[in-house]
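Student: After the structure tokens below, expect a handful of questions from me.
Numbering (UniProt numbering), first residue to last: 1 to 95.
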């Protein structure tokens with residue numbers, strides 16, 4: 001499961017990085033186009049979509065981080081639970 005989460009996190013990071021680059025390029029292009037032109041409106045639409053993709057990629061990255069944290073906490077609880085059971089077993093054997 002860790003590999004799947006790591007790969008998904010990598011994809012989210014790449015998508016966010018690509019979206020940031022597209023966002024910047026679309027902004028730069030829109031600035032050079034005639035005000036109110038169809039090309040400028042299209043560049044601004046691309047900019048808006050790229051920003052949304054970037055935000056979604058950031059949210060996905062945050063979600064993967066929370067999942068990994070929860071997984072680590074659960075694993076720690078299971079490990080500690082197993083240690084308690086082993087200690088109880090040793091005490092019972094010694095009694």
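C-beta atoms are modelled at their ideal positions from N, C-alpha and C, and glycine is treated no differently.
If I follow the unbroken alpha helix (DSSP H) through residue 16, where does it start and stop?
Tutor: For the purposes of this step, residue 16 is taken as residue 16 along the chain shown, with counting starting at 1. From DSSP, the alpha helix (DSSP H) with residue 16 extends over 2 to 32.
Student: Do you know how far the Cα of residue 63 is from the Cα of residue 15?
Tutor: Against the chain shown, residue 15 aligns to sequence position 15. Against the chain shown, residue 63 aligns to sequence position 63. Going from the Cα of residue 15 to the Cα of residue 63 covers about 15 Å.
Student: Put residue 47 into one of helix, strand or coil per three-state DSSP.
Tutor: Numbered from its first residue, the chain shown carries residue 47 at position 47. Helix.
Student: Taking C-alpha atoms, which residue in 65, 78, 77, 81 lies nearest to residue 2?
Tutor: Position 2 of the chain shown, counting from 1, holds the residue named residue 2. For the residues 65, 78, 77, 81, the minimum Cα distance to residue 2 belongs to 65.
Student: Report the option in 24, 31, 4 whose CA atom is closest to the CA atom of residue 54.
Tutor: Counting from one through the chain shown, the residue named residue 54 turns up at place 54. Closest by alpha carbon: 24.
Student: Can you tell which of 21, 40, 22 has its C-alpha closest to the C-alpha of residue 30?
Tutor: Walking along the chain shown from the start, residue 30 turns up at place 30. The candidate whose alpha carbon is nearest that of residue 30 is 40.
Student: To the nearest whole angstrom, what separates the beta carbons of residue 26 and residue 47, a pair I think is in contact under 8 Å?
Tutor: The sequence position of residue 26 within the chain shown is 26, counting from 1. The sequence position of residue 47 within the chain shown is 47, counting from 1. Indeed they touch by this definition, with Cβ atoms about 4 Å apart.
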